[in-house]
Amino acid sequence: MASAKHIDSEAQLAGAATATASTATATPPLTDASELIDFICASPLLPSCGLTRSQVEEKVGQWADLGDQVITNLGMPPRQQLEPKDKRRIFQYYIPVFFWCQRQLQQHRAAAATESSTAPPPLVLGISAPQGCGKTTLCEQLEALFGYTGAAAAAISVDDFYHTRAGQQEVSAAHPGNPLLQMRGNAGSHDMQLGTDTLRALKGATAPGSSVPIPRYDKSAHSGMGDRADPSSWPRVEGPLQVVLFEGWMLGFAPVGDSEAAAVDPALLPVNTFLRGYEAAWDSFVDAWLVVRVAQPDYAYRWRLQAEQAMRASGRPAMSDEQVAAFVDRFMPAYRCYLPGLYTRGPTTAAPGRLLVVEVDEGREPLAVQPRPIM
């Protein structure tokens with residue numbers, strides 16, 4: 001495991017970057033501390049992440065170090081050569097969110113230390129975000145940054161816990177003609193016990209030598225219908241863990257009344273019934289929440305199209321535009337039904353001081369004006 005090597009002086013920071021930035025760049029090259037501080041402090045996320053200019057100034061070397069680590073992870077050019085959107089993504093989005101998550105970990109461990117002398121369980125951070133908004137990349141970078149700063153982390157997804165192909169066929173057969181339950185995706189298509197068992201095992205991975213297998217799902221199996229990967233191929237994470245990142249498009253959704261669900265789409269009724277079991281089975285494990293909010297769930301159509309077009313351009317199999325539309329259609333009723341509650345009341349188990357909401361635009365960048373805190 002790597003350890004962070006922080007650069008704390010302006011002279012060291014300036015010397016760490018070469019002066020090859022183009023004068024045509026729309027943003028500063030970020031080659032000295034004052035430029036970097038001003039750029040970071042232009043982030044609309046600083047207030048909601050609990051960060052101040054003085055804190056940025058005090059730790060500017062750490063910001064530079066962590067940002068450069070993300071740049072390396074993503075295979076990008078050096079800091080001064082980055083595209084403006086990538087500078088914003090790293091220094092005004094990813095790193096502020098990481099510092100918020102890091103503070104959640106510190107508070108979690110401090111609270112656990114007052115209750116027991118044994119090793120504290122890992123912080124479970126729930127990340128609820130629509131498909132295509134960049135949550136997987138964000139989650140990967142948070143996991144990498146925690147590891148880089150000495151806190152072992154593991155990442156899991158609701159997608160890891162889909163039913164086997166046989167199990168999904170049983171769900172489909174029990175709801176013939178319901179377009180929301182003929183394939184994986186919505187509430188009801190997950191093996192709830194597998195998720196519960198995995199989360200419980202990860203929470204218990206506090207001792208050196210502990211090891212937890214992480215389920216994997218093969219979405220390409222059975223001509224794209226999918227199936228659980230063979231357990232012999234599942235990766236294992238080694239303890240002691242300090243952080244578990246749990247992400248999913250529907251994580252934290254709260255069920256509504258049957259009449260409200262039916263008003264959105266009658267096919268949602270059984271989905272809504274299934275959803276009632278998720279809070280106790282999964283959400284109850286979550287200690288803190290990050291919600292990535294969007295103004296229009298329809299963004300998912302464009303984002304999925306972009307992903308499939310990129311796959312096609314690289315020579316990999318990809319869905320047609322019509323198939324993309326049909327795929328995303330299956331999720332729209334749930335978005336329309338449950339996102340309003342998520343955005344106004346927070347995830348099912350959210351608590352004051354344990355929730356961060358970040359709103360992004362169609363370009364996946366944080367809005368200049370962020371939503372007011374929910375709680």
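Just so you know, we're using UniProt numbering here: the sequence shown kicks off at 1 and counts up by one. Just so you know, even glycine gets a beta-carbon here, dropped at the ideal spot from N, CA and C. Nothing here was measured: the structure is a model prediction, and the numbers come from that model.
Annotation for Met-76: Leu-82 and Asp-86 place their beta carbon closer than 7 Å to its own, counting only its chain and skipping 5 residues before and after. Val-97 and Leu-45 do touch by the CB rule: their CB atoms are close to 7 Å apart, below 8 Å.
In the three-state reduction of the DSSP assignment, Trp-303 falls in the helix class.
In this chain, the alpha helix (DSSP H) harbouring Ile-40 covers 33–41. For the pair Leu-356 and Pro-373, the Cα-to-Cα distance works out to about 8 Å.
In this structure, the alpha-carbon of Val-243 lies about 5 Å from that of Leu-123. The C-alpha of Pro-340 lies about 34 Å from the C-alpha of Ala-110.
Residue pairing from DSSP places Ala-155 in a beta bridge opposite Leu-245. Checking the DSSP bridge columns, you'll see Pro-213 partnered with Arg-236.
Between the alpha carbons of Ser-34 and Ile-90 lies a distance of about 17 Å.
One thing to note: Thr-349 has its Cβ within 8 Å of the Cβ of Val-286. Just measuring C-alpha positions, the residue of Val-171, Met-375 and Ile-156 sitting nearest Phe-274 is Val-171. Considering only Arg-302, Arg-184 and Val-212, the residue with the shortest C-alpha distance to Pro-231 is Val-212.
About 6 Å separates the beta carbons of Arg-79 and Asp-68, which is inside the 8 Å limit, making them a contact pair. Here the C-alpha atom of Tyr-148 lies approximately 15 Å from the C-alpha atom of Leu-138. The Cβ atoms of Arg-165 and Gly-226 lie closer than 8 Å to each other.
Distance from the CA of Gln-62 to the CA of Ser-48, rounded to the nearest whole angstrom, comes to 20 Å.
Straight-line spacing of the CA atoms in Arg-336 and Ala-207 works out to 43 Å. Check the Cα spacing between Thr-136 and each of Pro-121, Ser-117 and Val-158: the tightest is with Val-158. Under the rule that a run must span 4 or more residues, no alpha helix (DSSP H) segment is found entirely inside the region 97–133. Gln-141 has its alpha-carbon roughly 24 Å from the corresponding atom of Ser-314. Exposure of Asp-329 is indicated by the presence of fewer than 16 other C-beta atoms within 10 angstroms of its C-beta.
In this structure, Ala-254 lies away from Leu-180, with their beta-carbon atoms at least 8 Å apart.
Secondary structure of Trp-63 (DSSP, three-state): helix. For Ala-288, the secondary structure class from DSSP, reduced to helix, strand or coil, is strand. Residue state for Pro-208 is assigned as coil, using DSSP reduced to three classes. Below 8 Å, enough C-beta pairs join the region 357–369 and the region 293–303 to call them touching: three or more. Following the DSSP letters along the chain, one finds Glu-359 inside the beta strand (DSSP E) bounded by residues 355–360. Put simply, the region 112–126 touches the region 234–252. At least three CB pairs are less than 8 Å apart. Residues Thr-348 and Thr-349 of the same chain have their beta carbon placed closer than 7 Å to that of Glu-279, with the five preceding and five following residues left out of the count. If you check the CB distance, Gly-126 and Gly-252 come in under 8 Å. Scanning its chain for C-beta atoms nearer than 6 Å, with the 5 sequence neighbours on each side dropped, one finds around Gly-132 the residues Ala-300, Trp-303 and Arg-304, in chain order. Note on geometry: alpha-carbon atoms of His-163 and Met-192 lie some 9 Å from one another.
Excluding sequence positions up to five before and after Arg-103, its CB lies within less than 8 Å of the CB of Gly-50, all in the same chain and listed in chain order. Under the three-state reduction of DSSP, Asp-298 is assigned to coil, being neither helix nor strand. With fewer than 16 neighbouring CB atoms inside 10 Å of its own CB, Ala-173 falls in the exposed class.
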